[in-house]
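A short write-up of the structure that comes next.
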Amino acid sequence: MPPAIRISQVTKRYGQLLALDQIDLEIRQGEFFGLLGPNGAGKTTLISSIAGLVKPDGGRIVVMGHDVQSDYRNSRRLLGVVPQEIVFDPFFTVRETLQFQSGYYGIRKNDVWIDEILANLDLDAKANANMRSLSGGMKRRVLVAQALVHRPPVIVLDEPTAGVDVELRQTLWKFIRRLNEDGHTIVLTTHYLEEAESQCGRIAMLKAGYLIALDSTSALLRRFSSHLLSLRLRPGDVLPERIAQHARQNGTQWQLQCEHIEEVENVLAELRAAGCVIEDMEIGKPDLEDVFVKLMHSGEVVT
Ligand SMILES: Nc1ncnc2c1ncn2[C@@H]1O[C@H](COP(=O)(O)OP(=O)(O)OP(=O)(O)O)[C@@H](O)[C@H]1O
967 MPPAIRISQV TKRYGQLLAL DQIDLEIRQG EFFGLLGPNG AGKTTLISSI
1017 AGLVKPDGGR IVVMGHDVQS DYRNSRRLLG VVPQEIVFDP FFTVRETLQF
1067 QSGYYGIRKN DVWIDEILAN LDLDAKANAN MRSLSGGMKR RVLVAQALVH
1117 RPPVIVLDEP TAGVDVELRQ TLWKFIRRLN EDGHTIVLTT HYLEEAESQC
1167 GRIAMLKAGY LIALDSTSAL LRRFSSHLLS LRLRPGDVLP ERIAQHARQN
1217 GTQWQLQCEH IEEVENVLAE LRAAGCVIED MEIGKPDLED VFVKLMHSGE
1267 VVT
């Protein structure tokens, strides 16, 4: 089984700017994969290269066994891309837009599938509305629908939830998760790290054109996220010196950054041994934002 997407040594320059620097990345069939990075990291350039819209200066991209440059038609047929920018033809209705898009892939009589997509994206009431008359969020739903008309096995979503309300986010994720459960490979870029954390099994992080992290979401969280332990002691109790050195006082609370959960256990044992009584305690869950911030500010590379 070929990988869904194989990216080998891909480099892209815009004049002096190195937008992608020798990127190597393999996305397996059936994965829900996150591509993260700050503004300008190269995510859209990489996605556009996968879609054959940008021609890399070096390297090779293969989608489901088909080279994006030398076998463009087949690779493009296997890919559905939801672009970041909203572009639409103001003269068509939503249904016409989707029929037109189906025709682009040589598919006629696609209305059963089009109806299913419209229903799953809560767009059925707007099927005959003119594209011009839709709100920004509705237009974004149509972009998602357009990417799916030819039932591509690999679906790439470039910030699909930017500027989208909570209800659509939930509808969208439910549909995308269902497609993933049915075997579709999903590649997602987003700035909403909690979305990436909850949806993606594996994550790559780009920084200024470099791939700086590639691992499962759980491994990245384990490796880079610390637990924030917040404690309130019985009035009059004093933190043992060793712990106080590393703790920060916030009103009546003490806060300690613990790299591992075992460290939390050690702190509690020391407090007990010192005769301290804990009146209130909270352990902050590690999240992808910690990982992201740490990786973006350190020179570390974990691929
Ligand atoms: N057509 C272009 N011409 C010149 N420079 C470009 C072009 N497209 C992108 N760039 C530059 O390449 C770099 C990577 O841009 P890209 O859009 O891929 O980043 P991104 O990670 O998708 O950012 P964002 O999160 O803001 O969407 C940026 O410095 C950007 O200014």
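So for the sequence shown, the working numbering puts the first residue at 967; every next one is plus one.
Ideal Cβ placement from N, Cα and C applies to all residues, glycine included.
These numbers come from a predicted model, not from an experiment.
Residue i versus residue j - alpha carbon distance
i, j, result
"ILE1080", "ARG1061", "8 Å"
"ALA1162", "VAL1130", "16 Å"
"LEU932", "ALA1095", "In the structure displayed, the chain extends from 967 to 1269; residue 932 sits before or after that span and is not available."
"LEU1222", "LEU1138", "38 Å"
"GLU1225", "LEU1084", "46 Å"
"ILE1178", "GLY1006", "14 Å"
"ASP1246", "GLN1219", "9 Å"
"TYR1070", "ILE1169", "32 Å"
"ARG1106", "PRO1126", "7 Å"
"ARG1042", "ARG1208", "60 Å"
"ARG1186", "GLU1051", "Just to set this straight, residue 1186 is Leu in the shown sequence, not Arg. C-alpha separation (whole angstroms): 30 Å."
"HIS1032", "PHE1141", "27 Å"
"ARG1214", "VAL1204", "13 Å"
"MET967", "ILE1016", "19 Å"
"VAL1108", "THR1063", "8 Å"
"ASP1148", "GLY1167", "16 Å"
"THR1059", "ALA1093", "7 Å"
"GLY1217", "GLU1082", "55 Å"
"GLU1133", "ASN1146", "20 Å"
"LEU1019", "ALA1113", "15 Å"
"LYS1009", "PHE1066", "28 Å"
"ILE1227", "ARG1188", "10 Å"
"TYR1158", "ARG1135", "11 Å"
Where residue i falls, given that 16 or more other Cβ within 10 Å makes a residue buried
i, result
"ASN1086", "buried"
"ARG1098", "exposed"
"PHE1057", "exposed"
"LYS1075", "exposed"
"PHE1258", "buried"
"ARG1039", "exposed"
"PRO1252", "buried"
"VAL1110", "buried"
"LYS1021", "exposed"
"HIS1150", "buried"
"ILE993", "buried"
"LEU1100", "buried"
Selection from the options that minimises the alpha carbon distance to residue i
i, options, result
"LEU1172", "LEU983, LEU1001, ILE971", "LEU1001"
"ASP1124", "GLN1223, THR1155, GLU1160", "THR1155"
"GLU1273", "GLY1202, PHE1190, LEU1194", "This structure gives no information on residue 1273, because the portion of the chain shown stretches from 967 to 1269."
"ARG1144", "PHE998, ILE989, MET967", "PHE998"
"LEU1044", "VAL1029, ASP1055, GLU1051", "VAL1029"
"SER1014", "GLY996, VAL1034, PRO1004, GLY1003", "VAL1034"
"LEU1195", "ASN1232, GLN1165, GLY1025", "ASN1232"
"GLN975", "GLY981, ARG1198, ILE989, PRO968", "ILE989"
"ALA1210", "ILE1227, SER1184, ALA1240, ALA985", "ALA1240"
"ILE1152", "ALA1128, PRO1119, ASP1181, SER1184", "PRO1119"
"HIS1193", "GLY996, ASP1256, THR1183, LYS1021", "ASP1256"
"LEU1237", "LEU1199, HIS1263, MET1262, VAL1268", "LEU1199"
"LEU1197", "GLY1250, SER1184, ASP1148", "GLY1250"
Under the three-state DSSP convention, the category residue i falls into
i, result
"TYR1176", "strand"
"ARG1198", "strand"
"HIS1212", "coil"
"SER1184", "helix"
"VAL1230", "helix"
"SER1192", "coil"
"LYS1251", "coil"
"ARG1074", "coil"
"LYS978", "strand"
"GLN1065", "helix"
"HIS1032", "strand"
"MET967", "coil"
"GLN1050", "coil"
"LEU965", "No answer is possible for residue 965: it lies beyond the span of the chain, which begins at 967 and ends at 1269."
"ASP1081", "helix"
"VAL1110", "helix"
"ASP1256", "helix"
"ASN1040", "helix"
"GLN988", "strand"
"GLN1223", "strand"
"ARG1098", "helix"
"GLY1003", "coil"
Cβ-Cβ separation, residue j to residue i (assumed contact under 8 Å), whole Å
i, j, result
"VAL1048", "VAL1122", "7 Å"
"ASP987", "GLY1175", "4 Å"
"SER1068", "VAL1115", "5 Å"
"THR1011", "ALA985", "5 Å"
Proximity test, Cβ basis, 9 Å: residue i and chain C
i, result
"THR1127", "The structure shown contains no chain C, having only a single protein chain."
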